[in-house]
Amino acid sequence: MNAESSVRLVNVTKQFPVPEKGQADVRAVEDISLDIREGEFFTLLGPSGCGKTTTLRLIAGFETPDSGMVIIGGQVANELAPYQRPVNTVFQNYALFPHLTVEQNVAFGLKVKRIPVPEQEQRVNEALELVQMGAYGRRRPSQLSGGQQQRVALARALVNRPAVLLLDEPLGALDLRLRKDMQYELKRLQVEVGITFIYVTHDQEEALTMSDRIAVMNQGEVLQIGSPSEIYDQPVDRFVASFIGDTNLLNAQVVSVKNGHVRLQMGGGEVELPRNGREVTAGQGVTVAIRPEKLRILRSDGKPKRGIQLHGQIRETIFAGPDTRHLVNLENGERLVVLIRSKDVAGKQHFEPGDAVEVSCDSSGPRLLLQ
Amino acid sequence: MFLLSPPALTLLVFFFVPLVIMASYTVREGTFGVASRTFSLDSFRTLTENPGFLRLLKDSMVLSLQTSFFAILLAYPVAYFLVFHAGKRRMSLLTLLIVPAWTSYLLRILAWKLILGSNGVLNYTLLNLGWIDEGVPIFLYSRTAVLITLVYVWVPFAALPIFSSLERIQRHLLEAASDLGAKPWESFLRVTLPLSFPGILAAFFFVSIPTVGEWVTPTLVGGVDGIMYGNLIQDQFSRALNWPMGALLSMVLLVIVLVAVMVFNRFVNITEVGAYG
Chain D
1 MNAESSVRLV
11 NVTKQFPVPE
21 KGQADVRAVE
31 DISLDIREGE
41 FFTLLGPSGC
51 GKTTTLRLIA
61 GFETPDSGMV
71 IIGGQVANEL
81 APYQRPVNTV
91 FQNYALFPHL
101 TVEQNVAFGL
111 KVKRIPVPEQ
121 EQRVNEALEL
131 VQMGAYGRRR
141 PSQLSGGQQQ
151 RVALARALVN
161 RPAVLLLDEP
171 LGALDLRLRK
181 DMQYELKRLQ
191 VEVGITFIYV
201 THDQEEALTM
211 SDRIAVMNQG
221 EVLQIGSPSE
231 IYDQPVDRFV
241 ASFIGDTNLL
251 NAQVVSVKNG
261 HVRLQMGGGE
271 VELPRNGREV
281 TAGQGVTVAI
291 RPEKLRILRS
301 DGKPKRGIQL
311 HGQIRETIFA
321 GPDTRHLVNL
331 ENGERLVVLI
341 RSKDVAGKQH
351 FEPGDAVEVS
361 CDSSGPRLLL
371 Q
Chain G
1 MFLLSPPALT
11 LLVFFFVPLV
21 IMASYTVREG
31 TFGVASRTFS
41 LDSFRTLTEN
51 PGFLRLLKDS
61 MVLSLQTSFF
71 AILLAYPVAY
81 FLVFHAGKRR
91 MSLLTLLIVP
101 AWTSYLLRIL
111 AWKLILGSNG
121 VLNYTLLNLG
131 WIDEGVPIFL
141 YSRTAVLITL
151 VYVWVPFAAL
161 PIFSSLERIQ
171 RHLLEAASDL
181 GAKPWESFLR
191 VTLPLSFPGI
201 LAAFFFVSIP
211 TVGEWVTPTL
221 VGGVDGIMYG
231 NLIQDQFSRA
241 LNWPMGALLS
251 MVLLVIVLVA
261 VMVFNRFVNI
271 TEVGAYG
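Listed in order, the protein sequences are those of chains D and G. The first sequence begins at 1 in the numbering used here and counts up by one. The second sequence begins at 1 in the numbering used here and counts up by one.
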């Protein structure tokens, strides 16, 4: 076993009884394996109902796996109750005790572990300072804003110095501004305390901003594990490509395969792409994913150019702050989104709906995916 | 300016006015004829000169507190089981708990007479088991009999508010307690119990207020020993035909209950407590 691994899931499966009519969808997980390293900020990312929260609850001990192993700090934890595990959770709705003050909430874990009172007080103060809530110790949770409750929930978990901190969509209930601030703060905190964070979110931007590594989940399975840039630049399938960031997915057909490259019929033209180690044969249908910001638009001049080149017509331009989205209809009817820096749009890059254009990018931009 | 809404009007006519009439009787000489129109403080004098009245009131209050205590003690585990372990059957089981309350109150108390009597089920069983040599009289016609019967009658009513306060506790609070290292009994003591306190408080008032003035149950199973303050009031109205005395005893009880509720309300802000969860 890897000595540095903090939490490991080995072929963990958890099924729930078939839900009754009107109940939430099944959030089962199917044969999940993860190896989360010591001190890592690890994110479970996926749409609602994908099993990410169930995975977190399996680690916390609120659920027991049907099969497979949950290993925490090198110890098999399948049979351990939540109160026996060296992990603490920050709940989605904070779950602060309404009958206790902020201080008492934070002291809860220390109290039940019979830590001497002077040490309790010191650690509670430190934890509250860490989340900048030192002045609010005597308030009740109901007297705090959502963001403040969030910080208290964080302090209440961190004060126990857990080996692993589990966070279940902790920023989900906050408004956008606050959420962005808290993202940076969470990341700062994680670096500061050096604890393994396992973070559940459906917000891909949040995941990309904070994580060391991300596991993308869908329908109870882990589709891809990698660093944010790996996940973003090298998605393994259509789901990952479309879930993380904006992406253009084009249907293509393999014309020929030679060595590391593959020739494709795509968007009304022919292009050559790196094969990325995928096994494809001539005639096979595949998908090509291209990020909108990797594409460029040029006025049609009929001359062939290096790299990938598709012909189309501007359909619509939409201003979106720093970038302007250009919708381009390709010759075969498929549609592309291209992002152009808004500051460039005023000059040479100004296009009107109906303009005939060429969309191009480097051959490293598109990514070949199986259907 | 009086803005009398229908509820306020109902309260005025059927609650406040009768109370005033009742209060006015306390300062009359007698019940009928000229005596009923003559001012007198006789009943106040009788009350102050006979410590027996207030002693019985104190005894009744103690019995009412004991009833509340045992009813809550018995009702809490029932409510806890229904909320946390009965699953889908909780509503049907809760209904079963309340079903006896649909039969006549008198019938239920008479049933206890059969159980507690010297030839009753309890004595009979204990005799046959050889645990006692002769029928134990304390079971019937005693203070204990009144207590047992009252506790039985009031357990379902104590269970209801406790049930609803337990049900309102969000499950993730208990998960949080466990997550923070609390063993199940610690979770109970530190989270479940304090958060169900509003229900316990409501149960306490549900039981203690009606039982302190109880007179039917002591009449049927109490005997001489188990007589309560309510019997005294009833006697003044029915047998002694001393309405001024009866009215005064009633007002004393009413004032004490009101003061108790107000004091409690002062120290425990019920609305704030109710906002938990």
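Just so it is clear, CB atoms sit at the ideal spot from N, CA and C, and this is done for glycine as well. What you are looking at is a predicted structure, and each value in this text was computed from that prediction instead of being measured.
For the stretch 84–100 of chain D, the set of positions with a beta-carbon nearer than 7 angstroms to some beta-carbon of chain G reads Asn88, Thr89, Phe91, Asn93, Ala95, Phe97, Pro98, His99 in chain order.
For Arg123/D, the number of other beta carbons within 10 angstroms of its own is at least 16, and it is reported as buried.
Taking 8 angstroms as the cut-off, the Cβ atoms of Ile162/G and Ile200/G count as close.
Within the same chain, and ignoring the five residues on either side of Gln204/D in sequence, the residues whose Cβ sits closer than 7 angstroms to its Cβ are Leu45, Phe243, Ile244, Gly245.
With fewer than 16 neighbouring CB atoms inside 10 Å of its own CB, Lys348/D falls in the exposed class. Contact residues of the stretch 178–198 of chain G toward chain D are Ser178, Asp179, Leu180, Gly181, Ala182, Lys183, Pro184, Glu186, Ser187, Arg190, Val191, Pro194, Leu195, Phe197 (C-beta to C-beta distance below 9 angstroms).
The Cβ-Cβ distance between Leu147/G and Gln66/G falls below 8 angstroms. Residue-level contact by beta carbon holds for Leu173/G and chain D, with a gap shorter than 8 angstroms. At least one beta carbon of chain G lies nearer than 8 angstroms to the beta carbon of Lys113/D. Residue-level contact check: Phe62/D touches chain G, since one or more beta carbons of chain G fall below 8 angstroms from its beta carbon.
Across the structure, Glu221/D and Val240/D are spaced so that their CA atoms are roughly 12 angstroms apart. Spanning the alpha carbons of Gly213/G and Gly222/G requires a straight line of approximately 14 angstroms. Interface with chain D (8 angstroms Cβ-Cβ cutoff): Ala158/G is excluded. Only Leu166 from the stretch 163–174 of chain D bring a Cβ to less than 9 angstroms from some Cβ of chain G.
If you draw a straight line from the Cα of Ala155/D to the Cα of Tyr199/D, it is about 16 angstroms long. Measuring C-alpha to C-alpha distances from Leu368/D to each of Glu63/D, Glu129/D, Gln234/D identifies Gln234/D as the nearest. In the three-state DSSP reduction, Tyr199/D falls in the strand class (E or B). When 9 angstroms is used as the limit between beta carbons, Asn160/D is near these residues of chain G: Leu180, Gly181, in chain order. The beta-carbon of Ala203/G is placed no less than 8 angstroms from the nearest beta-carbon of chain D. Among the residues of chain G, those whose CB is under 9 angstroms from the CB of Ala81/D are Ser178, Lys183, Pro184, following chain order. Residue environment for Ile21/G: exposed (fewer than 16 other C-beta atoms within 10 angstroms of its C-beta).
With the rule of 3 Cβ pairs closer than 8 angstroms, the stretch 250–262 of chain D counts as touching the stretch 280–295 of chain D.
Within the same chain, no Cβ atom closer than 7 angstroms to the Cβ of Gln143/D is found once the five residues on either side in sequence are excluded.
What Gly109/D touches in chain G, judged by beta-carbon distance under 7 angstroms, is Leu180, Gly181, going in chain order. In this structure, the straight-line span from the alpha carbon of Leu310/D to that of Arg299/D is close to 12 angstroms.
Between the stretch 309–327 of chain D and the stretch 343–360 of chain D there are three or more C-beta pairs closer than 8 angstroms, enough to call the two in contact.
The beta strand (DSSP E) runs of length 3 or more contained entirely in the stretch 161–223 of chain D are, from start to end of the chain, 164–168, 196–201, 213–218.
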